[in-house]
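Colleague: Okay, so the sequence shown: first residue is 66 according to our numbering, each after it adds one.
The structure is given below, and queries will be raised subsequently.
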Amino acid sequence: MRRVISIKWKIMIFSFGVVFFSIIIAGVIAAGKLYDQTEERLGERGLITGRTVANLPEVQQSLVQSEGWETLNPIVNRVRTINGSDYIVVLNLNRIRYSHPVEEKLGTVSSGKDEGAAFAEHSYVSKAKGELGVSIRSFVPIMNAEHEQIGVVIVGNIMPNLVTVLSSIKSELALIALLALGFGSVGSWLLARRIKQETFQLEPHEISRLLVERTATFEAMNEGVIAIDLNGKIMIFNDKAKRILDIAEEVTDLPVEEVIKGKLLSILKSKDRFENEETTVGQKVLLISKVPIIVEGIEVGGVAVFQDRTEVAAMAEELTGVKNFVEALRVQNHESLNRLHTIAGLIQLDEKEKALDYVFDVSQQDEDLSNFLSKRINDFRISGLILSKVRRGKELGINVTIDRDSVYKKNPILLDSHDLVLILGNLIENAFYSFHEVSREDKLIHLSIIGDDDGLYLSVEDNGCGMKDDIQARVLEKGFSTKGKDGNGLGLYLINRTIERANGTMKLVSYEDEGTSIEIVIPMSTEGSEHDDD
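Here you go:
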C-alpha cells in the first residue's frame, strides 16, 4: 500500500528545500564575491610589493648596469620571499629581464603583451593565465632620482582556486549554514502547523474532493443558490440560479451589484436572516431564504436559497389534478347553461313537446354514461374525470368515447387514484391539443381502461395532428413542450416518471397528420415485475 505523506510534512519538506536552495544560491553569490575580493587583494598587495622594489636604491643602481641582474636578482628574491609573492620580474626600458624566478631567463628580452602601459609610467593590475594557473600581475614603473623612468617591476601572485578560497572561511560558512538550516527548519514547522490549522487539518486530496463534492451538490440542487462574501463578491452562483434569473455568463468573483438588482440584492447584502421571503424579479415571484455564513464564530458572508414559485405552482397543479377538476366544473356549468338556454328557447317557441323530448334525450345520454361509469369504474375520481372530459370534448367539437369493455375495480399496488387521474387527465388534454390546428369534421378520442388481477391497461387514441419522429424522440424530456407558452413540459414527463415508479411500460405510436396512440400497462403487484437488465 502506498504511504500517504501528510500535508504538514509536505509543507515542511518544501519549506526546508526552499531554505536549503536559498542557502546554496547565497553561498554561490558569496563565494563569487569572496573570489573577487581575493583577486583585488592580491592585486593591491602586488602593487605595494612592486613599489617597495622600485624604491630600493640597489634596484635603481643595478638596473643601469650592463649585467646588473647578478646583483639585483638576489635582492629581489629576498623581497619576494618576505612578501609572499609567487614571482617578481624587473625589466629595464629595453625590456631586458634583470630579475626572474628562472635564472636562465636573466638578461633576455621579455615579450609580454600587457606591459606596454607600465613603460609609460602607469601602475596597474592585470590578470593572465599561464602554466601555473591564473596569475594577478601588478605593474609598477621604476623611477630614478631625477624622476625619470628607468624600468618596470612586475609582481605576480597565482590566484588560488575556489576551494582554497572557501577553505579559508570554512568555520564561518559552517556556522552560517547551521544557523540558517536551524531557523529554516523551525520556520518550516511553524508554517506547516499554521497552514494545517487554516485547512481544518485536511489533506490536499480531501480538500480537492470536498470542492468537487460541493460543486456537484450545488449544481444538482433544484433551487437557486447564491453565496457572497463580506465584500459583496459572488462566491457561488449555481446553474439553477442562472436559469431562474436569466443569466448566461459566468459571474463568480464579480461584485453582486453588477449582477443582481432590486429587493433581491438588498436581501443578499443584509445582515439579517430571512425565511421564505417573497420577492419579485421581473415577471417572476421568488421565495427566498437567506442565512449568514459563520466560520469559527465569525461571519464571513451569506448564502441565499430560492425557487421560482411559478414553476412550483405549475408542478403542484399537475400533481394534484386541481386543473382537471376546475376545468370539469367550468365545462359542466357551461354545458348546463347551454341546455337551459335550449329548453328556454323551445318553451318560448311554444314547442313544449320538443323541449320535453330534448330533456329526456339529454338526460338519457347523461344517465347512460353515468350508469356505465358507476358500474364499470369503481373510483369516483376517475369516473368524474372521464365524465368531465366527455363534456369538455362536446364543447370543443370532439367526440370522446370510452371502450364499453372498460372495467376498473382496484388500483395497482404501486399506484393510487391520484396517479391515475394525473395520467388520464394529461393524456386526454394532450389529445385535445392535437386538434388545435386540425380542420377535420370527425374529431375522435377513444379511451380504454381495463384492469384485472394481472395488471391495468390504459390507452388513449386520437386522430389529431400526430407527431414527427424528432418530436416523438423528445416528448418525455422534462421541460420539452410543443404548446409554446401554453405548455410547461411537465405532463408526459410526470406520466413517464409515475409509470416507471410502478414498474409499468408506455408505448407511443404516432403518425403525422393521422393521429397518436398511447398504451400503458401497469402490473397489479410487484412480484415478477422488475425490469430486466438485458
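Glycine included, C-beta positions come from ideal geometry on N, C-alpha and C.
Is the Cβ-Cβ distance between residue 200 and residue 181 less than 7 Å?
Modeller: The residue given as residue 200 occupies position 135 in the sequence shown. The residue given as residue 181 occupies position 116 in the sequence shown. No, these two residues do not count as a Cβ contact at 7 Å.
Colleague: Using the beta-carbon count (16 or more within 10 Å), is residue 255 buried or exposed?
Modeller: In the sequence shown, residue 255 corresponds to position 190, counting from 1. By the neighbour-count rule (16 or more Cβ atoms within 10 Å), residue 255 is not buried but exposed.
Colleague: In the DSSP assignment, the alpha helix (DSSP H) including residue 482 goes from what residue to what residue?
Modeller: For the purposes of this step, residue 482 is identified with residue 417 of the sequence shown, where counting begins at 1. Note, residue 482: alpha helix (DSSP H), 482-498.
Colleague: Check whether the segment 122-137 touches the segment 84-94, counting contact only when three or more Cβ pairs, one atom from each stretch, lie closer than 8 Å.
Modeller: Touching, no.
Colleague: Mapping the DSSP letters down to three states, classify residue 313 as helix, strand or coil.
Modeller: Walking along the sequence shown from the start, residue 313 turns up at place 248. If DSSP states are grouped into helix, strand and coil, residue 313 belongs with coil.
Colleague: Look up residue 465 in the DSSP assignment and say whether it is helix, strand or coil.
Modeller: On the sequence shown, position 400 is the one that residue 465 refers to. Strand at residue 465.
Colleague: Would you mind working out which of 571, 508, 353 sits nearest residue 579, comparing C-alpha positions?
Modeller: Stepping through the sequence shown from its first residue, residue 579 is reached at position 514. Here the closest residue by C-alpha is 508.
Colleague: Between the segment 503-520 and the segment 463-480, do at least 3 Cβ pairs fall closer than 8 Å?
Modeller: They touch, by the three-pair rule.
Colleague: When you compare the segment 359-369 with the segment 307-322, are there three or more beta-carbon pairs, one atom per stretch, that lie closer than 8 Å?
Modeller: The segment 359-369 vs the segment 307-322: no contact.
Colleague: Determine the contact status of residue 531 and residue 576, defining contact as a CB-CB distance below 7 Å.
Modeller: On the sequence shown, residue 531 is found 466 positions in, with the first residue counted as 1. On the sequence shown, residue 576 is found 511 positions in, with the first residue counted as 1. Cβ atoms of residue 531 and residue 576: closer than 7 Å.
Colleague: Within the same chain, show all residues whose beta-carbon is closer than 7 Å to that of residue 352, passing over the 5 residues directly before and after it, in chain order.
Modeller: Locating residue 352 in the sequence shown gives position 287, where the first residue counts as 1. Counting only Cβ-Cβ distances below 7 Å, and skipping sequence neighbours, we find 341, 343, 371, 372, 374.
Colleague: In angstroms, rounded to a whole number, what distance separates the CA positions of residue 357 and residue 336?
Modeller: Position 292 of the sequence shown, counted from the first residue, corresponds to residue 357. Position 271 of the sequence shown, counted from the first residue, corresponds to residue 336. When rounded, the distance between both Cα atoms is 7 Å.
Colleague: State the start and end residues of the unbroken beta strand (DSSP E) segment that holds residue 534.
Modeller: Counting from 1 along the sequence shown, the entry for residue 534 is found at position 469. No beta strand (DSSP E) contains residue 534, which is instead part of the alpha helix (DSSP H) from 534-537.
Colleague: Taking 8 Å as the limit between beta carbons, can you name the residues of its chain near residue 132, skipping five residues before and five after?
Modeller: Taking the first residue of the sequence shown as position 1, residue 132 is located at position 67. Excluding sequence neighbours, residue 132 sits near 172.
Colleague: Which same chain residues end up closer than 6 Å to residue 152 when comparing Cβ atoms and leaving out the 5 residues on each side of it in sequence?
Modeller: Along the sequence shown, one-based indexing puts residue 152 at 87. Only 166, 221 meet the Cβ criterion.
Colleague: Have a look at residue 292 and residue 542 and give me their C-alpha separation to the nearest angstrom.
Modeller: Translated into positions along the sequence shown, residue 292 becomes position 227. Translated into positions along the sequence shown, residue 542 becomes position 477. Taking the straight line joining both Cα atoms gives about 30 Å.
Colleague: Within the continuous alpha helix (DSSP H) that includes residue 334, where are the two ends?
Modeller: The residue you call residue 334 lines up with position 269 of the sequence shown. Note, residue 334: alpha helix (DSSP H), 327-334.
Colleague: What is the rounded straight-line gap between the Cα of residue 450 and the Cα of residue 473?
Modeller: Translated into positions along the sequence shown, residue 450 becomes position 385. Translated into positions along the sequence shown, residue 473 becomes position 408. Going from the Cα of residue 450 to the Cα of residue 473 covers about 14 Å.
Colleague: Nearest-angstrom Cα distance between residue 586 and residue 536?
Modeller: By 1-based counting over the sequence shown, the position of residue 586 is 521. By 1-based counting over the sequence shown, the position of residue 536 is 471. Cα-Cα distance, rounded: 23 Å.
Colleague: Please classify residue 450: does DSSP put it in a helix, a strand, or coil?
Modeller: For this step, residue 450 is matched to residue 385 along the sequence shown. Residue 450 falls in the helix class under three-state DSSP.
Colleague: Measure the CB-CB distance between residue 589 and residue 520 and report whether it falls below 7 Å.
Modeller: Numbered from its first residue, the sequence shown carries residue 589 at position 524. Numbered from its first residue, the sequence shown carries residue 520 at position 455. Contact flag set, yes.
Colleague: DSSP has residue 511 in a bridge; who is on the other side?
Modeller: Translated into positions along the sequence shown, residue 511 becomes position 446. In DSSP, residue 511 forms a bridge with 466, 526.
Colleague: What residue does the beta strand (DSSP E) around residue 201 start on, and which one ends it?
Modeller: Residue 201 sits at position 136 when you count from the first residue of the sequence shown. Its beta strand (DSSP E) spans residues 198-208.
Colleague: Considering Cα atoms alone, identify which of 168, 517, 150, 184 is closest to residue 160.
Modeller: Counted from its first residue, the sequence shown places residue 160 at position 95. The option with the nearest alpha carbon to residue 160 is 184.
Colleague: Where does residue 204 land, buried or exposed, given buried means 16+ other C-beta within 10 angstroms?
Modeller: Locating residue 204 in the sequence shown gives position 139, where the first residue counts as 1. Residue 204 should be labelled buried.
Colleague: For residue 440, count neighbouring Cβ atoms within 10 angstroms of its own Cβ and tell me buried if that reaches 16, exposed if not.
Modeller: Translated into the one-based positions of the sequence shown, residue 440 becomes position 375. It is exposed - the Cβ of residue 440 has fewer than 16 other Cβ atoms within 10 Å.
Colleague: Which of helix, strand or coil does DSSP assign to residue 579?
Modeller: Along the sequence shown, read from residue 1 onward, the residue named residue 579 stands at position 514. Residue 579: coil per DSSP, three-state reduction.
Colleague: I need the straight-line Cα distance from residue 483 to residue 294, nearest angstrom please.
Modeller: Residue numbering aside, residue 483 sits at position 418 when the sequence shown is read from its first letter. Residue numbering aside, residue 294 sits at position 229 when the sequence shown is read from its first letter. So the alpha carbons of these two residues sit roughly 46 Å apart.
Colleague: If I measure Cβ to Cβ from residue 584 and keep anything under 6 Å in the same chain, skipping five residues before and after, which residues do I get?
Modeller: To locate residue 584, count along the sequence shown from 1; it is residue 519. Correct list, in chain order: 524, 572.
Colleague: From the DSSP output, which residues share a beta bridge with residue 89?
Modeller: Within the sequence shown, numbered from 1, the residue matching residue 89 stands at position 24. In DSSP, residue 89 forms no bridge with anything.
Colleague: Going by CA-CA distance only, name the one from 317, 303, 216, 186 that's closest to residue 297.
Modeller: In the sequence shown, the residue the question calls residue 297 occupies position 232. For residue 297, the nearest C-alpha among the options comes from 317.
Colleague: Would DSSP call residue 140 helix, strand or coil?
Modeller: In the sequence shown, residue 140 corresponds to position 75, counting from 1. Helix.
Colleague: Could you tell me whether the segment 555-564 touches the segment 488-499, using the rule of 3 or more Cβ pairs below 8 Å?
Modeller: The segment 555-564 is in contact with the segment 488-499.
Colleague: Measure the C-alpha to C-alpha separation of residue 498 and residue 544 and round it to an integer number of angstroms.
Modeller: The sequence position of residue 498 within the sequence shown is 433, counting from 1. The sequence position of residue 544 within the sequence shown is 479, counting from 1. When rounded, the distance between both Cα atoms is 17 Å.
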